[in-house]
Amino acid sequence: MGYQDVYAGWQADPEAYWMAEAKRIDWHTPPSRAQFDRGDGISDWFSDGMLNGCWNAVDRHVEAGRGAQTAIIHDSPLTGTKRWISYAELRNRVATLAGALRAKGVGKGDRVIIYMPMVPEAVEAMLACARLGAIHSVVFGGFAANELAVRIDDAKPRAILAASCGIEPGRVVHYKPLLDGAIAQATHKPEFCVILQREQEVAQLTPGRDVDWHGFQYGATPADCVPVEGDHPAYILYTSGTTGAPKGVVRPTAGHLVALNWTMKAIYGVDPGEVFWAASDVGWVVGHSYICYAPLVHGNTTIVFEGKPVGTPDAGTFWRVIAEHGVASFFTAPTAFRAVKREDPKGEHIARHDLSRLRAIYLAGERADPDTIEWTQEKTGKPVYDHWWQTETGWPIVGNPVGIEALPVKIGSPTVAMPGYDVRILDEQGNEKPAGELGAIAVRLPLPPGTLPTLWNAGERFRKAYLSRFPGYYETGDAGMKDADGYLWIMARTDDVINVAGHRLSTGGMEEVLAAHPDVAECAVVGVRDDLKGQLPMGFVCLTKGVNRPHEEVEKECVALVRDHIGPVAAFKLCKVVDRLPKTRSGKILRRTMAAIADGEDFKLPATIDDPAILDEIRGSIAALGYPRT
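The opening residue of the sequence shown carries number 1 in full-length UniProt numbering; numbering runs sequentially from there.
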């Protein structure tokens, strides 16, 4: 069947569709039905079934005779080490860690915080929790002590599993002092901490609370998998950029296993046994879904990569990993390719590596500008598929279902809605907008399996944040439009649609124009306050490596480009060349923070910012444009 047939089949009978998919994973007790209406527009999925996430990700492959297959490849250019872990070895390591946790009282429903870098032990910690029915909450390694403390107080973990340090290019990030500071600040105190000592730094353990990772497991009786209800939380993931009260997305066990297993073939086009690589971090949702759970549940080999797209050691590291490990399907954020393109605009590193086993490249995490997609396609000769989803959904809302039918690519669009998602474009009053018109992107309820049913300890906040603005819909917070073929176009976050003299304009559309300039490697456009027009767009552009032209020339050309492509209505006059843009550690540009600086507003330094010092540079560039206005 083609995509239209599959999507229509889901629409006609969602119950039958998801029950059929549920048969592709292992159950202790199969569910009697798929959908359980909760009464508030949200459905729970497979609630009366019993299963275990670790069994589905690890043990069932060993039992099926595939224990010798590599489950995890750890590739760390930062430490110069590589490791291969088979499914059988992974089962033994996870069962022993789970047994040691069980001996300390950790069981079903207990929370465990994981604060680790990109090492296999981070994935093993997640799976050990799943094995016991404990609820893990991974906090990005190196998060500030106060941010970790907030998450400790919200999740109230029985234990914390951490590493002594993380490694960044040119520096060691000391995790243990951050962990100690967080526990000191937090009202809730964990009963114990398990510390993985790395060669780059041996941390001092706190007597009576901290135990060494390897000593902790010595002599432990391996734990069996504990069946849990289908709607039992697998994990809590606090969304990046959390301010004030934490926003913990809850992921139900059965729904996410069923949905993720479906995506591996239908969207990413891989078969069990093939190598899949998501170049992200376990601290983000991509790491949860597509480094840990989805590849392993589907029986793939997953890569845990400790490095950067550039600087470890150069702009060829992605191609080296893909070639060396035979990656069939590769997933990263557009910002990673923009960094590679800026350092290696001619793609010279690509030619040095054999990419013959790579079939496709996938982008997500932010808008994928056409220039980045076109460059990647041209230099690699591989199809590049944009797709769109959120921490809240856990798997793609919109994508190109290449495992069902590879649809024509429209550069700039992540393609079409996946089964389970009825995507609509709404106006301010909640009425559906016609094709080609910009509006708020919403998903008609109920949401499909694997998506968030609530926020941890914050049910009312969940309803207010996602369900209240458009009754009967989940509000995504993104703005865009659908074309006549049903392709979705994500233009900006809802609050990045600016109003210039009464005209609603997408900052994302302006960024597309700027990115097309031959000297521009990366860009961002934000809306700033203006007494006459309400708002004006302000653009920032980073130049490709080797461009030595006067910045004023490039700025004038960028202004002219936007006027030519969008028109005088955009009132685009403010543009500045900058060395770099402020980003989160996951690569998202901090547009809201930049706008707040330009408007002279107070703002909270985002917890996920990669380098706070860059804000001083941006502040200087904004001042050169005459902002904030006095």
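Cβ coordinates follow ideal geometry from the N, Cα and C atoms, glycine included.
What's the C-alpha gap between residue i and residue j?
i: Thr415; j: Gly399; result: 5 Å
i: Ile42; j: Ala259; result: 17 Å
i: Ile113; j: Val249; result: 14 Å
i: Thr242; j: Gly283; result: Reliability of the predicted coordinates at Thr242 is poor, the pLDDT of 36 falling under 50, and no value is obtained from them.
i: Tyr3; j: Arg342; result: 36 Å
i: Tyr17; j: Ala254; result: 15 Å
i: Glu201; j: Cys165; result: 6 Å
i: Ala624; j: Val139; result: 37 Å
i: residue 642; j: Asp369; result: Lying outside 1 to 630, the shown extent of the chain, residue 642 is not represented and no answer is given.
i: Pro396; j: Pro207; result: 45 Å
i: Asp154; j: Glu392; result: 18 Å
i: Ala144; j: Glu168; result: 15 Å
i: Asp281; j: Ser137; result: 14 Å
i: Ala484; j: Val228; result: 44 Å
i: Thr584; j: Arg338; result: 15 Å
i: Lys464; j: Leu445; result: 15 Å
i: Gly439; j: Asp210; result: 52 Å
i: His74; j: Val321; result: 11 Å
i: Trp10; j: Phe46; result: 16 Å
i: Lys308; j: Glu557; result: 32 Å
i: Val58; j: Val569; result: 57 Å
i: Pro419; j: Ala8; result: 8 Å
i: Gly436; j: Val525; result: 22 Å
i: Leu178; j: Ala294; result: 31 Å
i: Arg198; j: Leu97; result: 17 Å
i: Ala71; j: His61; result: 10 Å
i: Ala184; j: His28; result: 41 Å
i: Val38; j: Asp44; result: Per the sequence presented here, residue 38 reads as Arg, with Val not at that position. Cα to Cα, the separation comes out at about 7 Å.
i: Leu426; j: Pro383; result: 31 Å
In the DSSP assignment, find the unbroken beta strand (DSSP E) run with residue i in it and report its ends.
i: Val249; result: Gly248 to Pro252
i: Met538; result: Gly534 to Leu543
i: Glu168; result: Cys165 to Glu168
i: Asn192; result: Here the sequence assigns Phe to residue 192, which means Asn is not the residue at that position. Taken as a continuous stretch (DSSP letters only), the beta strand (DSSP E) holding Phe192 covers Phe192 to Leu196.
i: Tyr385; result: Val384 to Asp386
i: Ala360; result: Ala360 to Leu363
i: Leu426; result: Val423 to Leu426
i: Arg352; result: Counting along the chain, Arg352 falls outside any beta strand (DSSP E), and DSSP gives it neither H nor E.
i: Val172; result: Arg171 to His174
Report the CB separation of residue i from residue j in whole angstroms; it is logged as a contact under 8 Å.
i: residue 642; j: Arg357; result: Summary: the structure shown does not reach residue 642, with the chain confined to residues 1 through 630, and so no result is reported for it.
i: Ile614; j: Arg591; result: With a Cβ gap of about 14 Å, Ile614 and Arg591 do not count as contacting.
i: Pro246; j: Tyr238; result: 5 Å
i: Gly508; j: Asp496; result: 7 Å
i: Val94; j: Arg158; result: Val94 to Arg158, Cβ: 18 Å. No contact.
i: Val513; j: Ile566; result: 6 Å
i: Gly67; j: Ala130; result: The Cβ separation is near 19 Å, so there is no contact.
May I ask you to list the residues that DSSP assigns as paired with residue i?
i: Gly439; result: Gly480
i: His74; result: Arg83 and Val304
i: Ser43; result: Asp37
i: Ser468; result: Per DSSP, none; premise fails for Ser468.
i: Trp277; result: Phe330
i: Met50; result: Thr29 and Glu229
i: Lys379; result: DSSP lists no partner for Lys379.
i: Cys523; result: Val541
i: Trp489; result: Met481
i: Cys575; result: Gly539
i: Trp395; result: Paired residue(s): none; Trp395 is not in a bridge.
i: His136; result: Val112 and Tyr235
i: Val589; result: As written in the sequence, residue 589 is Ile, which differs from the Val given in the question. Paired residues: Lys583.
i: Asp212; result: Ile195
i: Tyr290; result: None, per the DSSP bridge assignment.
i: Tyr473; result: Arg444
i: Leu257; result: Answer is none; Leu257 lacks a bridge partner.
Residue i lies in the alpha helix (DSSP H); which residues open and close that run?
i: Val562; result: His551 to His565
i: Arg619; result: Ile614 to Ala624
i: residue 678; result: With the chain covering 1 to 630 only, the question about residue 678 has no answer from this structure.
i: Val150; result: Ala145 to Ala155
i: Trp18; result: Pro14 to Ala22
i: Arg158; result: That residue, Arg158, is in no alpha helix (DSSP H); it is neither H nor E in DSSP.
Against chain C, with Cβ distances strictly below 7 Å, would residue i count as a contact?
i: Glu601; result: In summary, chain C is missing from the structure at hand, where a single protein chain is found.
Q: Evaluate the contact criterion for the segment 300-319 versus the segment 69-89: three or more CB pairs, one atom per stretch, below 8 Å.
A: Because the criterion of three Cβ pairs below 8 Å is met, the segment 300-319 and the segment 69-89 touch.
Touch check for the segment 268-279 and the segment 312-328: three-plus C-beta pairs under 8 Å?
yes
Exercise. Is the segment 341-355 touching the segment 303-323, taking contact as three or more C-beta pairs under 8 Å?
Worked result: yes
Validate contact between the segment 472-491 and the segment 445-463 using beta carbons, cut 8 Å, 3 pairs
Result yes; three or more Cβ-Cβ pairs closer than 8 Å.
Stretch-stretch touch, CB-based, cutoff 8 Å, three pairs: the segment 602-616 with the segment 544-560: no
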